[in-house]
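Participant: Pasting in a structure now, in structure tokens, and then I'll have a few things to ask.
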Amino acid sequence: MATSVLLLACAVSTAKAGDAPGFYHQIGELKLGGTGTSWDHIDYDPSSHRAYLSRRADGLTVVDVMTNAVVGQVANAKGSGASAIVPKLDRGFTANTDGSTSVFKLSDLSPVDRVSFGDNFDGVVYDEATNILAYQQADNSKELLVDAATMKLVGTIEVEGTQLERPVVDNKSNLYLPLRDKHMVYKIDLKEKKIVAKWDVSSKCTEPSGSEFDVANNRLLLPCRGKQLNPVLAIIDADTGAITGTAISGRGADDVILDPATKQLFISAGVDGVLTIYKQESADKYTLTEALQTRPSLRVIRYDAGTQKIFGVTAEGIYDASKKNLAAVSPFYANAYTPGTFVMLTYGR
């Protein structure tokens, strides 16, 4: 990957300005500050062009990506690590670190309720086919299923691992849940509320992370952080669980987005601070087109298909030698962040 980035940099530096291709580059920065130094997922509503930034101690911040300005803060959402945005219900649902979910109106961001039914939530996704919210709990082996209309717990799925990464749905009532500590993917039927398949992906994918679904080709696109193997994107047949292809990524791959209209695929990696961009040639083949050096710890991204802009968040990292060394990730991986440095960065051509 380093060689690919170097070659790309050389190509850009030697080309004339007028001849340079339209590579992705940073086009915006929104300083958000705050007292907290922890964050997780970004969620996006393309109909309103609003990004929902889950900032844990600093709650849920809402940004208009067209104006690059803060719209507001969702009240009573402290601890938010992720959110599910459901425009047809005019509702948003957070996954909070205390095991609760904050329900709010998308139209005016006003709070509706805060409901507790789990423990240390780390993620949530919404399935339109079943109207179910699926919640992941940090360091817990249970996936909780909640009816979005009643906010009642309707199912509990027991899995083998305790590091449940954020899953993806296929719009056919199936949910695909990566287990980072077990190098596995569970396929869960949300209508029947049961596990229908377990796939060991460790032969080519270790430490699977947040995923994407290619509806047209029935493929699960799975970033693999790869402590034991090189970091890659695994392409998986959603019927059989077979790994049908791979594409190299940066270290710390954490998010992937596929634009089915342009056939562009984006993989963000926070350890290397790199965004790799591929062209989809077929269901199982992707060709690298460019790589963009972003910033360290920029690991979660979202994408606006209309403008083809990418936005992600990060903060200024610190390695504090008196604290736990996360050398398993990288020798001086940030174990703290400077307060007040949290930013949202926008990239485009």
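Numbering (this note's numbering), first residue to last: 994 to 1342.
Think of the CB as a built atom: it goes at the ideal place given N, C-alpha and C, for glycine as much as any other residue.
None of these values were measured; they are calculated from a predicted model.
Looking at the structure shown, is K1175 part of a helix, part of a strand, or coil, going by DSSP?
Facilitator: As a working note, residue 1175 is residue 182 in the sequence shown. In the structure shown, K1175 sits in coil (DSSP, three-state: anything other than H, G, I, E or B).
Participant: Under the assumption that V1178 contacts L1215 (Cβ atoms under 8 Å), give the Cβ distance between them as a whole number of angstroms.
Facilitator: Taking the sequence shown and counting its residues from 1, the one referred to as residue 1178 is at position 185. Taking the sequence shown and counting its residues from 1, the one referred to as residue 1215 is at position 222. The Cβ separation is near 7 Å, so the contact holds.
Participant: Thinking C-alpha only, which one of D1091, P1104, R1084, S1103 is nearest L1126?
Facilitator: Counting from one through the sequence shown, the residue named residue 1126 turns up at place 133. Considering only alpha carbons, the answer is R1084.
Participant: Rounded to whole angstroms, what's the CA-CA distance from S1041 to G1065? Just pull it up for me.
Facilitator: In the sequence shown, the residue the question calls residue 1041 occupies position 48. In the sequence shown, the residue the question calls residue 1065 occupies position 72. Roughly 14 Å between the two C-alpha positions.
Participant: By DSSP, does P1080 sit in helix, in strand, or in coil?
Facilitator: Numbered from 1 along the sequence shown, position 87 holds the residue referred to as residue 1080. If DSSP states are grouped into helix, strand and coil, P1080 belongs with the helices.
Participant: Is the separation between the beta-carbon of Q1257 and that of K1272 shorter than 8 Å?
Facilitator: Residue mapping note: residue 1257 aligns to position 264 of the sequence shown, counting from 1. Residue mapping note: residue 1272 aligns to position 279 of the sequence shown, counting from 1. Result yes, Cβ atoms of Q1257 and K1272 sit closer than 8 Å.
Participant: Compute the distance between the beta-carbons of G1111 and L1137, then report whether it is under 8 Å.
Facilitator: Here residue 1111 corresponds to residue number 118 of the sequence shown, with the count starting at 1. Here residue 1137 corresponds to residue number 144 of the sequence shown, with the count starting at 1. Between G1111 and L1137, the C-beta gap is smaller than 8 Å, which places the two residues in contact.
Participant: Helix, strand or coil for N1089? Go by DSSP, reduced to three states.
Facilitator: Residue 1089 sits at position 96 when you count from the first residue of the sequence shown. N1089: strand per DSSP, three-state reduction.
Participant: Straight-line CA distance for Y1119 to V1162?
Facilitator: Within the sequence shown, numbered from 1, the residue matching residue 1119 stands at position 126. Within the sequence shown, numbered from 1, the residue matching residue 1162 stands at position 169. Their backbone Cα atoms lie some 8 Å apart in a straight line.
Participant: Using only the alpha-carbon positions, how far apart do A1308 and L1046 sit?
Facilitator: Taking the sequence shown and counting its residues from 1, the one referred to as residue 1308 is at position 315. Taking the sequence shown and counting its residues from 1, the one referred to as residue 1046 is at position 53. Each residue's alpha carbon lies about 13 Å from the other.
Participant: Per DSSP, what kind of secondary structure is F1335 in: helix, strand or coil?
Facilitator: Translated into positions along the sequence shown, residue 1335 becomes position 342. F1335 falls in the coil class under three-state DSSP.
Participant: Taking only the alpha-carbon atoms, compute the straight-line gap between V1152 and S1166 and give it to the nearest angstrom.
Facilitator: Position 159 of the sequence shown, counting from 1, holds the residue named residue 1152. Position 173 of the sequence shown, counting from 1, holds the residue named residue 1166. Approximately 18 Å between the Cα atoms of the pair.
Participant: In the DSSP assignment, find the beta strand (DSSP E) that holds D1132 and state where it starts and stops.
Facilitator: What you label residue 1132 is simply residue 139 of the sequence shown in a count that begins at 1. Careful: D1132 lies outside any beta strand (DSSP E) and carries neither H nor E.
Participant: Go ahead and pull the three-state DSSP assignment for L1222.
Facilitator: To locate residue 1222, count along the sequence shown from 1; it is residue 229. Reduced to three states, the DSSP call for L1222 is coil.
Participant: For L1291, does the three-state DSSP call read helix, strand or coil?
Facilitator: By one-based count along the sequence shown, residue 1291 stands at place 298. Shown here, L1291 sits in coil according to DSSP, grouped into three states, outside any helix or strand.
Participant: Quick check on T1384: buried or exposed, where buried means 16 or more other Cβ atoms within 10 Å of its Cβ?
Facilitator: Here the chain comprises residues numbered 994 to 1342, so residue 1384 is not present and cannot be evaluated.
Participant: Assess, as a yes-or-no matter, whether the segment 1274-1290 is touched by the segment 1237-1247 under the definition of 3 or more beta carbon pairs within less than 8 Å.
Facilitator: yes
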